[in-house]
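Everything on this sheet refers to the single structure shown next.
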Amino acid sequence: MTVSTLSCTPSVVITLGKSLMPVAMEVKRLLLREDTQRMVTTAFLHPPHCGMEWSPGWISQENPGIDPNLSPCSWKQVFEQAQAADKVLKEGLQASLHDLRSHGRLMEAGLGEKAFLPLDIFLLADLSEAEAAALLVVIPQLQSILKEEPYARLHFLFNLASFQEDALQNANQFFTLSCLVEMLDGSERFPKLDPRPQIYLFDRYKEGTWEAQDAAEVHVLLENFLLALLSGGLAQHLAHAIPALEAEEQHAYFSSAGATSLIFDPNQLQVECVRRLALELLESEFDVSLLPDPGPLEAAVQDFMDQQGRLQGWRESLCHGTGFHPLPAQNQLKFHIADLRFEDVPPEEWARRIREYARKYEKQAWPACCAQVDENARSLQSSFLERLENFMDRLPHSVRFYPGGVQAAREVIQVIQKEIHEQIHHPQEYISEAAWQEQMEANLVTLEHALAALPEPPKWVKRLPTFAKKPVVQLFNLVCLRRELQTLLELRQKSMSLLERKLAARMEQFLHQKNTELEGAVVEVLKRQDQQLTRLQRNLSGMKRHFLERTDDPRPSSCPFRIQVVDESVLAWAYYQGQRPPEGFLHNLLEDHAFLQGWQKVSSKDLMQRLKAFCEEVYRPLQSLDIGQILQHRAQKDIRDLADALRQGTVPLLRPDFDQTGSNPAFQLRFFLAGNAIASSMYEELRHDLPVWQAIESGSASQILCCRVRLLIPGSSLALILERGRPAYKALDKEQRRENFL
2 MTVSTLSCTP SVVITLGKSL MPVAMEVKRL LLREDTQRMV TTAFLHPPHC GMEWSPGWIS
62 QENPGIDPNL SPCSWKQVFE QAQAADKVLK EGLQASLHDL RSHGRLMEAG LGEKAFLPLD
122 IFLLADLSEA EAAALLVVIP QLQSILKEEP YARLHFLFNL ASFQEDALQN ANQFFTLSCL
182 VEMLDGSERF PKLDPRPQIY LFDRYKEGTW EAQDAAEVHV LLENFLLALL SGGLAQHLAH
242 AIPALEAEEQ HAYFSSAGAT SLIFDPNQLQ VECVRRLALE LLESEFDVSL LPDPGPLEAA
302 VQDFMDQQGR LQGWRESLCH GTGFHPLPAQ NQLKFHIADL RFEDVPPEEW ARRIREYARK
362 YEKQAWPACC AQVDENARSL QSSFLERLEN FMDRLPHSVR FYPGGVQAAR EVIQVIQKEI
422 HEQIHHPQEY ISEAAWQEQM EANLVTLEHA LAALPEPPKW VKRLPTFAKK PVVQLFNLVC
482 LRRELQTLLE LRQKSMSLLE RKLAARMEQF LHQKNTELEG AVVEVLKRQD QQLTRLQRNL
542 SGMKRHFLER TDDPRPSSCP FRIQVVDESV LAWAYYQGQR PPEGFLHNLL EDHAFLQGWQ
602 KVSSKDLMQR LKAFCEEVYR PLQSLDIGQI LQHRAQKDIR DLADALRQGT VPLLRPDFDQ
662 TGSNPAFQLR FFLAGNAIAS SMYEELRHDL PVWQAIESGS ASQILCCRVR LLIPGSSLAL
722 ILERGRPAYK ALDKEQRREN FL
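Under the numbering used here, the letters of the sequence shown match residues 2 to 743, in that order.
Structural data, given as structure tokens:
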């Protein structure tokens, strides 16, 4: 049959002691992962740790407030402290319940229009811990509160499992359990509990081979069963399944349960797919061993050098505003002296005039040219280095350089550095400034000798008046010295040209000095960029090692009571076909998600977060999968094996002969809880069992729970458990009993 679902009804989970705190925390995590409304309809409470400085009150599981350094208390001390804080504890519990049942919370959960809502209170405790003594105070408080809650039920989950011989723990368990039996039957020390709670005992022993091997496995069974009780109204269903009259007559107040779970955690599946994709990208695109394609690399370098890095362009920038002009076809400078005039200067003064101009230029014009070149060099260096850094910054972002884009960027550095060096230090033949100076002086001397050898006008010309002498001399030169004057003009022009060549050679040396300085600045920038790229590659390699060393994939664990549905075949499907786009990862990673933005300074942690965020977005659709869809990717044989594991793991954790002790044997119920229970392929396997599995729609999309509950275990059956702790208790002398127990 199918039990109707009562989801998101108010529930309180109270944990006493330290050992079962992880149980409550894990149940809360799994429960709230399924439905965030549980946050407002389910409360997880914990009394403070009963240490020597114990303070009363109730605290939430988010901040348990357990101080591991506190000295442990004895059973008696815990009981006395709980009694002293009785009022405070009760008020704290009432306040928590009131807040849980407030209309605002119920409205938030969509339950504001319900006429009545059952309230389930679950109390978890390990009876071997001294903190279990607080049960004798907390249980009466809960009983008094339930008188005002007609639809409330108490459910106790007590751990009896013992995996180490500890006399005091066994004595604690014996004494606590004995007191509980007295409370159920009523005695002089304890009034009879009314209404009677539903009590589930968990021991380490069970029939078959799947006994709990350690405390962790018992805790998993407790978690599974508590999840089942919180799902689909199972707790209320079980509370009404026991005939009250028969339980009273047989003193059968106890039950036992076994529960197994088939878990699908979409977060873990996503995490593993993210890990694999991140590792794939790091290995196939960013690994240090990858050799980049030289084609795009060479094209990028040549494009940058043609636009920004050619020596001719540098020379033009350096010479701007100086009067010097680089020749496009040759690695030389052109300089023209335009401010040297020879009008009204007699030929015999030409050589002196040229020498004076050369000295004046060196003293006045040359420093101004050098200052202009210095300014141009600073501007060129600033602008070029900025363009170079921008160019280098873009390289790791460029998809065309991948695979091996980081290594490609490092090779680009070497190529640019080599090309700039070859341009600046390219061997070339040029005449030095001293050679041009020597040639100019020789030419001026030739000019002076030629002037000295010129024929003079007739002597009578000297007797002419001044106003007539000049025209006559000019006429004489024009008529008689035309060829000699042409030679003199050529010598003068050649001297001017040699002076221009001399100044150009000086400027060539100065420009070479500035280009060498610029090369040094470029080398520093490229060296820094290479160091940053090395650091980036080291970070990427570290990320690869991190993802290789990860071991938290969601495949089956060693615990037989909580089975992961994801295996390698499911992982492979999710990784390759599960909502994954066929291509375009690298472009999206680098362009849309700016994976390497600010790569010069970005930390390895930030890179890791960026890569994980990208991969998580790729596999975000996995979050919408449910356990039924995952089972479709398991073989039919796997489903049968999983069903057998679920079936065998549900045997209750108490010895089978317990229910044969007494006049009326206990009976068992089996429950199958799933989001879509009837349509589940797992239910189809389980329904072939002769015992009927009752299907319950739990509303869970990520887990399947199977549990078997043994009800109506008579109190006389507990003698077998009591015998385990009775010798330890009796071994204590009277003084020890008085100090530790009531």
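Glycine is no exception: its CB is placed at the ideal position from the N, C-alpha and C atoms.
- Straight-line spacing of the CA atoms in Ile15 and Leu136 works out to 11 Å.
- Rounded to the nearest whole angstrom, the C-alpha separation of Leu32 and Gln704 is 10 Å.
- Counted as a single uninterrupted DSSP element, the alpha helix (DSSP H) harbouring Phe226 occupies residues Ala216 to Leu230.
- If you look at His47, you'll find it in the beta strand (DSSP E) that goes Thr43 to His47.
- Assigned with DSSP and collapsed to three states, Lys77 falls in helix.
- The Cβ neighbour count for Ala573, taken over all protein chains shown within 10 Å, is under 16; the residue is labelled exposed.
- Per the Cβ contact rule, the stretch 530-543 is in contact with the stretch 593-613 (3 or more Cβ pairs under 8 Å).
- Just so you know, the alpha carbons of Val400 and Tyr576 end up roughly 23 Å apart.
- Relative to the Cα of Gln633, the nearest Cα in the group Asn225, Phe164, Phe265 and Lys91 belongs to Phe265.
- Using a Cβ distance threshold of 9 Å, Leu591 and Leu612 do not count as a contacting pair.
- Annotated three-state conformation of Trp694 is strand, per DSSP.
- With a contact defined as Cβ atoms closer than 8 Å, Asn160 and Leu223 qualify at about 7 Å.
- Ranked by Cα distance from Ser256, the options Arg493, Lys735, Asp215 and Val710 are led by Val710.
- DSSP, read as helix, strand or coil, puts Thr517 in helix.
- Contact check between the stretch 176-194 and the stretch 124-141: three or more CB pairs, one atom from each, fall below 8 Å, which counts as touching.
- Three or more Cβ pairs closer than 8 Å define a contact, and the stretch 377-390 falls short of that threshold against the stretch 267-274.
- Taking 8 Å as the upper bound for CB-CB distance, Pro23 and His220 are in contact here, some 7 Å apart.
- Judged by beta-carbon spacing, Asp304 lies beyond the 9 Å limit of Gly405, meaning their Cβ atoms are not closer than that value.
- Pro327 carries a strand assignment under DSSP once its states are collapsed to helix, strand and coil.
- With fewer than 16 other beta carbons inside 10 angstroms of its own, Leu328 counts as exposed.
- In its chain, beyond the 5 residues on either side, Pro11, Leu118 and Leu120 have a beta carbon closer than 8 Å to the beta carbon of Arg102.
- Check the Cα spacing between Glu35 and each of Gly650, Asp627, Arg688 and Asp639: the tightest is with Asp627.
- Nearest to Gln487 by C-alpha distance, out of Glu317, Pro348 and Trp694, is Pro348.
- Assigned with DSSP and collapsed to three states, Val710 falls in strand.
- Per DSSP, Val182 lies in no beta strand (DSSP E); the unbroken alpha helix (DSSP H) holding it starts and ends at Ala168 to Asp186.
- Separation of the CB atoms of Leu263 and Leu125 is rounded to 23 Å, and the pair is thereby denied contact status at 8 Å.
- With 16 or more other Cβ atoms inside 10 Å of its own Cβ, Ala696 counts as buried.
- For His513, the closest alpha carbon among the candidates Ser496, Ile421 and Asp593 is that of Ile421.
- DSSP places Lys148 in the coil class of the three-state scheme, outside both helix and strand.
- Contact annotation: the stretch 721-735 touches the stretch 172-185, with at least three C-beta pairs closer than 8 Å.
- Per DSSP, the unbroken alpha helix (DSSP H) holding Ala279 starts and ends at Pro267 to Glu286.
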